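Under this note's numbering, the first residue of the sequence shown is numbered 5, with each subsequent residue one higher. In this text, a Cβ means the ideal position worked out from N, Cα and C, and glycines have one as well. Given the structure is predicted, the values throughout are model-derived calculations rather than measurements. Single-structure report; data block below.
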Amino acid sequence: MRKIAGLLVSAALLALLYAFIDVNGLWRAARAADPWWLAAGILFFIPLTLLTAWRFTLVVIGRIGFVEANRLILAASTLNMFLPSKLGDLAKAHVLSRRHGTSPSIAFAIVVLEKSLDMMSLLAWGVFGLVVVGIGRPAMLWFLVPVAGLCALLVLLILPLRILPFFLSNFGRLLPGRLAGALSAFAGSWQEMSEWFWATPVRALGVILLSVLIWGAHLLQFWLFSQALNGHVPVLENAAFATLSILVGLLPFTFAGIGTRDAAIVYFYAPYLSAGAAAVLGILATLRYVLPAIAGAPFVADFLGLVRRPDPAGGGLRRSQERKN
5 MRKIAGLLVS AALLALLYAF IDVNGLWRAA RAADPWWLAA GILFFIPLTL LTAWRFTLVV
65 IGRIGFVEAN RLILAASTLN MFLPSKLGDL AKAHVLSRRH GTSPSIAFAI VVLEKSLDMM
125 SLLAWGVFGL VVVGIGRPAM LWFLVPVAGL CALLVLLILP LRILPFFLSN FGRLLPGRLA
185 GALSAFAGSW QEMSEWFWAT PVRALGVILL SVLIWGAHLL QFWLFSQALN GHVPVLENAA
245 FATLSILVGL LPFTFAGIGT RDAAIVYFYA PYLSAGAAAV LGILATLRYV LPAIAGAPFV
305 ADFLGLVRRP DPAGGGLRRS QERKN
């Protein structure tokens with residue numbers, strides 16, 4: 005029922021948006037798109053998937069193979085099309101727990117860490133872009149306050165500073181028994197995962213830098229699409245516009261961000277793209293999610309345990325490896 009409501013909201017927002025733009029201009033922009041830039045942007049999801057899968061193998065210390073990680077990333081992309089706020093990524097925790105012997109709480113903490121790295125990296129690029137945009141458009145600097153603030157908070161959470169366990173443990177005391185117990189358990193799992201992640205600082209910093217690179221590439225895909233539409237958007241300004249559009253698209257009351265993200269793109273890219281061309285960019289931005297989702301559809305049943313296979317040789321993050329003497 006919730007997804008039907010999301011579809012209706014997305015349809016209503018798109019109808020409202022297209023009522024205020026020149027639909028004929030949308031078709032003209034689509035026909036005038038440069039096919040080479042367009043192809044480069046569309047195919048860019050392949051290296052993005054490969055890099056993301058490689059990072060996942062590094063986050064779990066390479067215990068999941070590169071091929072399996074790619075299948076898992078694609079399956080999560082499929083689920084994210086139908087679940088709000090990227091909850092499809094919880095499939096990764098399911099796989100770590102059911103197939104590779106990781107305790108469920110640690111597996112969940114690993115996925116939360118990975119999503120924190122994603123959001124922190126996206127916001128970091130957004131900060132750089134907003135500073136550049138703000139030189140010519142001071143009003144845009146207002147967006148810098150929440151973007152930079154959230155980025156700084158995520159950096160503090162990712163660093164081995166015990167901030168999240170401290171907050172959860174103290175906040176849990178104000179809640180009823182079951183909720184307090186759940187928060188306390190997650191605080192312990194997060195701390196254990198954090199100590200394990202930072203046990204090798206060089207690897208941890210490498211994963212963080214790789215995350216920043218991956219999200220720079222995500223934003224570059226927006227730039228490739230804007231080039232295809234003859235927008236000629238400066239790279240760092242594109243980083244600001246794309247970051248804000250992605251954040252708006254994460255609001256959970258639409259289907260896969262459709263409608264809210266499109267409206268944000270039309271608004272933020274207005275200095276460089278006509279409303280029709282920006283609407284095409286919104287469609288291409290949605291395609292960024294649709295193509296990996298289609299590619300991951302064959303793997304969803306397997307990774308949700310609907311199709312059972314024997315555990316691969318060599319296993320994964322075994323519980324015995326997590327227990328420390």
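In the structure shown, V159 falls within a helical segment according to DSSP collapsed to helix, strand and coil. The Cβ-Cβ distance between V63 and L100 does not fall below 8 Å. Residue burial annotation: V27 is exposed, with fewer than 16 other C-beta atoms found within 10 angstroms of its C-beta. With respect to F229, L288 sits close: the two C-beta atoms are nearer than 8 Å.
Closest in alpha carbon position to L285, among I167, P302, A267 and A297, is A267. For the pair P302 and F49, the CB atoms are not nearer than the 8 Å cut-off.
Residue range V239 to G253 is occupied by the alpha helix (DSSP H) that includes I250. In this structure H222 is buried. Its beta-carbon is surrounded by 16 or more other beta-carbon atoms within 10 angstroms. The C-beta distance from A73 to T61 rounds to 5 Å, short enough to meet the 8 Å contact threshold.
Using a Cβ distance threshold of 8 Å, S125 and I218 count as a contacting pair. Look at W129 here: in three-state DSSP terms it is helix. Taking a 10 Å sphere around the C-beta of R292, we find 16 or more other C-beta atoms and assign the residue as buried. Taking the Cβ atoms as the reference, L158 lies roughly 5 Å from S120, within the contact range of under 8 Å. In the pairwise beta carbon analysis, the segment 6-17 is classified as touching the segment 252-263: at least three pairs are separated by under 8 Å.
Within a 10 Å sphere around the beta-carbon of N84 sit 16 or more other beta-carbons, which makes this residue buried. Taken in chain order, the complete alpha helix (DSSP H) segments of 4 or more residues contained in the segment 19-102 are 27-35, 39-47, 49-63, 70-84 and 94-102. Taking the Cβ atoms as the reference, L240 lies roughly 30 Å from G92, outside the contact range of under 8 Å. In the displayed model, R265 falls within a helix according to three-state DSSP. Boundaries of the alpha helix (DSSP H) harbouring R207: P205 to A232, taken from the DSSP string.
For the options A44, G253 and A33, the alpha carbon positioned closest to that of L18 is the one of G253. With respect to the 8 Å criterion, A33 and G280 are classified as neighbours on the basis of their beta carbons. Under the three-state reduction of DSSP output, G192 falls in the helix class. Residues F245, L248 and S249 of the same chain have their beta carbon placed closer than 7 Å to that of F272, with the five preceding and five following residues left out of the count. Note on I139: under 16 other CB atoms within 10 angstroms of its CB, so exposed under the neighbour-count rule. Distance check between F226 and each of T204, A152 and L52 places L52 closest, using alpha-carbon atoms only. In this structure, DSSP gives L172 a helical state, which the three-state scheme calls helix. Selection N242, F190, L21 and L30 evaluated against A113 yields F190 as nearest (Cα-Cα).
In the structure shown, the three-state DSSP call for R166 is coil. If you check the CB distance, W41 and A232 come in under 8 Å.
Counting only the Cα atoms, M123 lies some 16 Å from L224. If the five residues before and after I269 are omitted, its C-beta is found closer than 7 Å to the C-beta atoms of S249, A282, L285, G286 and A289, all from its own chain and listed in chain order.
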